[in-house]
Each structure stands twice: as structure tokens, then as C-alpha cells.
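In the numbering used here, the protein residues as written are 10 to 566.
For every residue, glycine included, the Cβ atom is placed at its ideal position computed from N, Cα and C.
What follows is one structure encoded as C-alpha cells, with my remarks underneath.
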Amino acid sequence: MKGSTHRRCYCRDAETGKPLGKKCPKLTSRKHGSYSIRQELPPRADGIRRSFSRAGYESLKAAQADLDHIRALLGLADADDSEGLDQIAELLEKVADEKAPLPDIESTRRRLSHGLDLTSRLTVGEWLDIWLAGKKGRQSAISRDESNIRVHLQPRIGHLRLDRLRVTHLSEMFEGIAEANVDIAEGNAARRKAFEDLAQIAWKGREPRARRKAMKAAIAEMDLYRRIVGPATRQRVRSTLRAALNAAIAQQLITFNPASHVELEAGRRPKALVWTEERILHWKRTGEKPSPVMVWTPEHTGLFLDHVADDRLYALFHLVAFRGLRRGEACGQRWTDTNLEAGLLTVAKQLVVNGWEVYEDDPKTDAGARTIALDADTVQALKRHRAQQDKDRKEWESAWVETGRVFTRENGELLHPANVTRRFIELHEEIGLPPVRLHDLRHGAATLAHAAGAGLKDIQEMLGHSSITITSDTYTSLLPEADLAIAEAAARLVPRACTIAETTAPEAVADPDGAEAAGVEPLLDDADLLRTMREINALSAHAPLTQTAPDEEFEAE
10 MKGSTHRRCY
20 CRDAETGKPL
30 GKKCPKLTSR
40 KHGSYSIRQE
50 LPPRADGIRR
60 SFSRAGYESL
70 KAAQADLDHI
80 RALLGLADAD
90 DSEGLDQIAE
100 LLEKVADEKA
110 PLPDIESTRR
120 RLSHGLDLTS
130 RLTVGEWLDI
140 WLAGKKGRQS
150 AISRDESNIR
160 VHLQPRIGHL
170 RLDRLRVTHL
180 SEMFEGIAEA
190 NVDIAEGNAA
200 RRKAFEDLAQ
210 IAWKGREPRA
220 RRKAMKAAIA
230 EMDLYRRIVG
240 PATRQRVRST
250 LRAALNAAIA
260 QQLITFNPAS
270 HVELEAGRRP
280 KALVWTEERI
290 LHWKRTGEKP
300 SPVMVWTPEH
310 TGLFLDHVAD
320 DRLYALFHLV
330 AFRGLRRGEA
340 CGQRWTDTNL
350 EAGLLTVAKQ
360 LVVNGWEVYE
370 DDPKTDAGAR
380 TIALDADTVQ
390 ALKRHRAQQD
400 KDRKEWESAW
410 VETGRVFTRE
420 NGELLHPANV
430 TRRFIELHEE
440 IGLPPVRLHD
450 LRHGAATLAH
460 AAGAGLKDIQ
470 EMLGHSSITI
480 TSDTYTSLLP
490 EADLAIAEAA
500 ARLVPRACTI
510 AETTAPEAVA
520 DPDGAEAAGV
530 EPLLDDADLL
540 RTMREINALS
550 AHAPLTQTAP
560 DEEFEAE
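Here it is, written out as C-alpha cells:
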């Protein structure tokens, strides 16, 4: 296709006012006028000719460089690729009309090879939609990415061009999220204060009723309670964007991933804390939990299990409390994967909640597919549960829904994990136990196993963690009694010429018989210390329901 460069000026005839064009005598000087280019483009489908024209080049070299650039763009499509040639021609027409810079050759090549529209400028939002539509994997992970895109990424950076996204854009986005957190906190505090004021207004009387009505109207105008976007959530938002941009790099749409270089506050896992008496007292006074992850003591766990012994979901709570199954794993456990005679349970499936819909899926990680040994007490609890399930099956007859699950509704249908959580909260609130999540029973199982002498590797395999770091950092919390015993044992390892007790109260140490009267506790010898630690590890408030001897009534049935 033909193309050319030419030089012209805009001088006019002094008498007629017409442009002189090529007749201008000053064109003999190379510094006079400017250069222009014109390149023939593939004709339209209806045969109409079209071309690319641009003027204003200061030198022939600059004009020729752009002309070569245009020819290189036209050469990206084969001569028999009419569709590709038409796309490039449309792109050049649009560039000429908008007087925009010529598009990058390699970028255009990549877009053409991937079937992307050359005339549009792909935005971050458009690419996120394309990436999400083609994403494979767990539905729960896809739903999380969809939420991050819809709530955070699309509104803040969706309008930016994908190839022009920079680290500064992402830094501004996360700064905006942090600023929004302040507004959310203020809005939540104002709404909470309004409800407190409403509760102080009397119910009876014309004036109080009018005030209550006005207050309710004001509350209706306020924003609803919203969650603060914490460090962990911001890390997940960045993770979603980073994965999407990595896919764009693989598609050769961009060459740099700014999400990998933006600095964020680390989203640390919360440490699990045990509900000690001091923490319970603080919670009762202020209503504040010391940590998002709280663990019951063995006494608390025993009280709860004693209270729910007659509940139809008792065996599920027992299994989670002692063997640390996840909620979805317990709800999805099948009888075919449960061998009560051998005392083994294989975690092969789980129930996952997406919105409110429940579906079956594989375990969360490869390590989650595991086989767990069951103690005699747990086996007995599951046998009682199976006997009750067989009784329910006979009562429901043809209306029974056979799902093959260990834990089901009264008619055999699948349990909804959210309803199990709701039932757990109802049961522990009935007896005033300090609040924990159902998932925190899993933390408690790790803590009990740790206090009983299990190593971190054993606990990791029991819980199905892919990394032992997760086990050590998050799930194992030393019981106060066990921690005290370890502290005493560590102190005994250092030989001392005299003890603190000897220094501060020599009379009491000199007279062992008077030690108790003096209020000084004699130090335990090694045998006593070992016996004390064993007693602590064996401590359980659930003794009536954790007997190793067979239950006579159950055996009789």
C-alpha cells in the first residue's frame, strides 16, 4: 500500500490570501515549513478507500519514522487476514482522528494474537471481569475474589487503563480504604450511640413517644453497621489483584505487576488465648473479648459437653472438641469413611457454604484429606449417635432422605453448617459460658492435645494443616496450669547455692515442719513434679461422659 512524506507550509499570497502550498519560495530552505505523512489503509468492506494522514513534523527523519511505524503495524496481520487488517486499519483511523500517539507495536501484536479489540483501551475493570469469568478452582475462592473485585477493586481502580496501572495508583487505593475505615468507625459509633439513647427514652407518654419516633427516623437515615476493612482483608484484596495481573502478564498484555510491589501492613493471624478467670472478669465488665480467637479451658469444655449431652448434635460437638474437625468436615463426614470398630475416621469430603447455598467439596487442602484416630469415648459417642439415627430412619420411613452422612437433620437431610453454628451459640449461652466460636473448639482440641503431650507434628496431622507454621502460630495455646508446670520445671534446671526462699525466710526453710505454717510452699522433688504435670494433663471436667469402660445401657441395647 502506498505511503509518502511531503513538506508544506501555511504561507498565503499577500494579494489573494490563498495558501501558496508547494509554490512557496521559502520551501527551498529546509527549516521552513513542516513535514506530513500519508499512508493508504486497507479499504472498508464496502470498498471505500481510507488513509492515515498526519502533519506537523519538524524533520523528514521524524516523519519517516512514524510512516515506518504505521507500515510495521499494518505488517502485523498477514495479507490474507482480512479481519486482522481491518482491525489495524480501524485502530489507525481512531488514532488519527484523536491525534493520539501511535500504538506500541509489540502491545498491538499481543492484543491481536489474543483476539482482543484493538480500538478499545482495556481497563483494569474489564480485565478483572475477563479474568474472573475464566477462573477455575474452588467456588468459595472464586466467590471471595468476586467480592474483592466488586467491593474494592472495581469502584476504585476499575476505570484505569490496564497497561498504565502503577504502584502509586494502588497505594492511593489502599489509603482510600484506610480513610473509609475512619468514616465507617464513626458511622458505627454514631448508630450505636443512637440506639443507646433510644433505649433511655421512656415508652409511655406523648412526649416520650414523639421523641422515640423522631429518634427512630434519625436512625433510619443513618448508614447500616459496616465492617472495618482490616489488614488481613486488605492483604486478600491485593492477593486477588496480584493473581489477576499475573494472568495479564501471562497473556502478554502487561509486563509489570504493581500489586507485587505495593507495601501493606501485615495481616497477622490472631493468637488464641485461653479464657482465664481474669479474662472472663474483664469480659463481663466490658463486654470485650481479649482476642478474636478464644479457647475454653478443659473445665469449660466439660461443662458445655455435659450440658449438651442430650442434644441430637452432641456427637458432632464432641468430635470437634476432641479431634479438631473443621465445621464443614464434620457436617460432610460420611459413614463409609468412618470405621468405629477400628477407631478411625477418614476426612474425605466437606460441606461448603457459598452465600447460603451448600455444596459438597474436597477438603480445604491436600493435607486436609487425612485419617484420624478416635479415642474410646468418641467412638462410644458416635455409636450412640448412629443408634439414634437408625431409630429416626425407621420413624420417618419413606420420608427419610438417605444422604449417607454421619450428622444430618431429623429426616436425614444435610445439615446446614450455619445452623450448626447457630445451635452451638444457643447452647453455650444457656449456661453462661464465655463466648467462643464453633471453630474455636478446633483450637481447643489443639490445645488439649498439646497439653496432653502431643508434638506439633502430631497436632498438624490431626488438624490437617498444610504447614506446621500455622499450627504453631495460631492453634496451640498453652493451658495456664501446664504453662506453670513447665515454668517450675525450667526453674529447677538451674543449680543454685541458695533459693530465694532461703534468702528471704531462713527460719522457714530450716524447719521443714514449719514451712506450711510460715506460708512458704516447699519445692517439689522431680517425682512430685512429674506426677503433678501428669495430673494437669489428665484433668477433665467431663469425667461422667469420658469413661473408658463400656456404657452398660448402650451395650444392652
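Secondary-structure assignment with DSSP links Gln48 through a beta bridge to Gly12 and Phe61. Judged by beta-carbon spacing, Ser475 lies within the 8 Å limit of Ala376, meaning their Cβ atoms are closer than that value. The C-alpha of Arg379 lies about 37 Å from the C-alpha of Asn266. Taken in chain order, the whole beta strand (DSSP E) runs of length 3 or more contained in the stretch 181–239 number zero. By the criterion of a C-beta distance shorter than 6 Å, Ile228 is surrounded in its chain by Ala203, once the five residues flanking it on both sides are discounted.
Between the C-alpha atoms of Arg332 and Ile381 there is a straight-line separation of about 8 Å. The residue among Thr417, Leu360, Lys403 and Leu354 with its C-alpha nearest the C-alpha of Val388 is Leu354. As for any alpha helix (DSSP H) of minimum length 4 sitting wholly inside the stretch 426–507, the runs are 426–439, 447–460, 465–472 and 489–501, ordered along the chain.
Out of Ala454, Val191 and Ala72, the CA that lies nearest to the CA of Gly239 is found in Val191. Approximately 6 Å separates the beta-carbon atoms of Leu472 and Ala455; this is inside 8 Å, confirming the contact. Nearest Cα to His161 within the set Ser122, Gly134, Gln148 and Leu383: Gly134.
Here Val271 carries a coil assignment [DSSP, helix/strand/coil]. For Ala109, DSSP records no beta bridge to any residue. Taking C-beta atoms under 8 Å as the contact rule, Ala385 and Tyr323 fail to qualify, at a distance of about 16 Å. Rounded to the nearest whole angstrom, the C-alpha separation of Thr478 and Ile468 is 11 Å. Within the model, the alpha-carbon separation for Thr249 versus Thr242 is close to 11 Å. Taking His178 as the centre and dropping the five residues before and after it, the same chain places the C-beta of Ile166, Leu169 and Pro267 closer than 8 Å to its C-beta, in chain order. In the structure shown, Ser152 adopts helical secondary structure according to DSSP, grouped into three states.
Pairing Arg288 with Ala208, the inter-Cα distance amounts to about 28 Å. If you check the CB distance, Val356 and Leu334 come in under 8 Å.
Residue environment for Leu69: exposed (fewer than 16 other C-beta atoms within 10 angstroms of its C-beta). With a cut-off of 8 Å on Cβ pairs, the stretch 116–126 is in contact with the stretch 254–262, counting three or more such pairs.
Its chain contains Trp292 and Pro444 as the residues whose beta carbon lies nearer than 7 Å to that of Lys298, once the 5 sequence neighbours on both sides are disregarded; these appear in chain order. Residue burial is scored here from C-beta neighbours: Lys32 has fewer than 16 other C-beta atoms within 10 angstroms and is therefore classed as exposed. Here the C-alpha atom of Phe313 lies approximately 6 Å from the C-alpha atom of His437.
Here Tyr368 carries a strand assignment [DSSP, helix/strand/coil]. Every unbroken stretch of the beta strand (DSSP E) spanning 3 or more residues and falling wholly within the stretch 293–368 is given here in chain order: 353–356 and 359–363. Tyr44 and Tyr66 have their C-alpha atoms some 5 Å from each other.
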